[in-house]
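Undergrad: Quick note: the sequence shown uses the working numbering, first residue 2, plus one each step.
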Amino acid sequence: MKQLSLDNLRTFVGVIELGGYAKAGEWLGRSQPAISLQIKKLEEQLGKKLFTKVGQRHLPSADGNWLYPKAKELLLLNDAIFRSVDPTPLRGRLRLGIPNEFASTLLPGLIGEFSKRYPDVSLEVTSALSRELLHPSRRKEFDLILALVNPDQQTEGELVLEDEMVWVGDPLHPANMDAISLVLAPDGCIYRSRVITHLKQQTTAWKITYTNADLTGLVAAIQQGLGITALAKSSMPANLQVLNHRNLPKLGTINICLFQLSNQHPIVSETMANFIVHRLRAQQ
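1) With distances taken Cα to Cα, identify the nearest neighbour of T12 among K3, M2, Q33 and P100.
2) In the DSSP assignment, find the unbroken beta strand (DSSP E) run with F52 in it and report its ends.
3) Under DSSP, the alpha helix (DSSP H) around G93 begins and ends at which residues?
4) Among the residues of its own chain, which have a CB less than 7 Å from the CB of S62, if the five just before and after it don't count?
5) Would the region 270-279 count as touching the region 188-206 if we require 3 or more Cβ pairs under 8 Å?
6) Measure the Cβ-Cβ separation of V184 and I229 and say whether it is below 8 Å.
7) Run the CB neighbour count on N256, radius 10 Å, all protein chains shown included, and call it buried at 16 or more, exposed below.
8) Which of the three DSSP states is assigned to R139 in this structure?
9) Does the Cβ of M2 have 16 or more other Cβ atoms within 10 Å, making it buried, or fewer, making it exposed?
10) Give every residue of the same chain whose Cβ lies closer than 6 Å to the Cβ of Q39, excluding the five residues on either side of it in the sequence, and list them in chain order.
11) H199 by DSSP, collapsed to three states: which one?
12) Compare the Cα-Cα distances from T156 to each of R139, C258 and G110 and report the closest residue.
13) Are F143 and L111 closer than 8 Å when you measure CB to CB?
14) Helix, strand or coil, according to DSSP, for I61 in the structure here?
15) Along the chain, where does the alpha helix (DSSP H) that runs through Y119 open and close?
16) Using only alpha-carbon positions, find the residue among N264, N177 and D80 that is nearest to L7.
17) So for L249, helix, strand or coil by DSSP?
18) Any idea what DSSP makes of K49, helix, strand or coil?
19) Mind listing, in chain order, the continuous beta strand (DSSP E) runs of no fewer than 3 residues lying wholly within the region 132-189?
20) Among the candidates Q4, L91 and I17, whose CA atom is the shortest distance from the CA of K42?
21) Count the other C-beta atoms from every protein chain shown that fall within 10 angstroms of the C-beta of W67, then say buried if there are 16 or more, exposed otherwise.
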């Protein structure tokens, strides 16, 4: 009787979710040749080609996309069995602080997956501007904070990703690049500060037409044609597009950092931190 290797299936799922053999290897603690060999064995066993290489990325083929949800289901069942017999399942409370834009784009899928895998962990999530989350008066409110930090700023946070800051807009509402209308978060937002600083260094006319601390509100305004904004590339909603124009200055990079602030439930915090790191790096 033929039997699939759950180890090979986990590697297969990792390659899809992380976007390549090398990143899956980093996640699983294996070399890239070892990852390649596991995928080859799985393909030989099934008689199907599961990936197509496009540039440096390995994208799932039609057969790979067919297998992916079935592999996830098998792995979830496997993990559920071990959780049910584990005398010390992961449990506790995690207070997570996260920037507004990541709460809209990163959080939904991540929280769903984390909660399925660790149902005994109680999650309390607060979204706000990074400056507010990291203010000394609020730090005792959180066990773990994901925050944006300027590259030239010293920080005790762990660097997760050095991300590109990009201009974004709605493809259905082309922006007037001779008089730029801006949709921005309030004062204190790193994006807002960076945008204004760079636009002041050139002669193109610009104005702020709408202000909202919540990314959902900003996206709604952009889709109504009120203007454009700037975000870390990894937090850009799928329904917006990157804008490139001679009147839009390059905005540089932004550091996305994790701050572990409490030892109340260190294993819970570390586990969530790993989830966030893998998800963000997979988007690159």
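Ideal placement from N, C-alpha and C gives every residue a C-beta, glycine not left out.
TA: Reading from the atomic positions:
1) Q33
2) F52 to V55
3) It is not in any alpha helix (DSSP H) - G93 instead sits in the beta strand (DSSP E) that spans G93 to P100.
4) K50, L51, F52 and T53
5) no
6) yes
7) buried
8) coil
9) exposed
10) N9 and T12
11) helix
12) C258
13) no
14) One point to set straight first is that residue 61 is Pro, not Ile, in the sequence displayed. Residue state, collapsed to three classes: strand.
15) It is not in any alpha helix (DSSP H) - Y119 carries neither H nor E in the DSSP assignment.
16) D80
17) coil
18) coil
19) 145-150, 159-170 and 180-185
20) Q4
21) exposed
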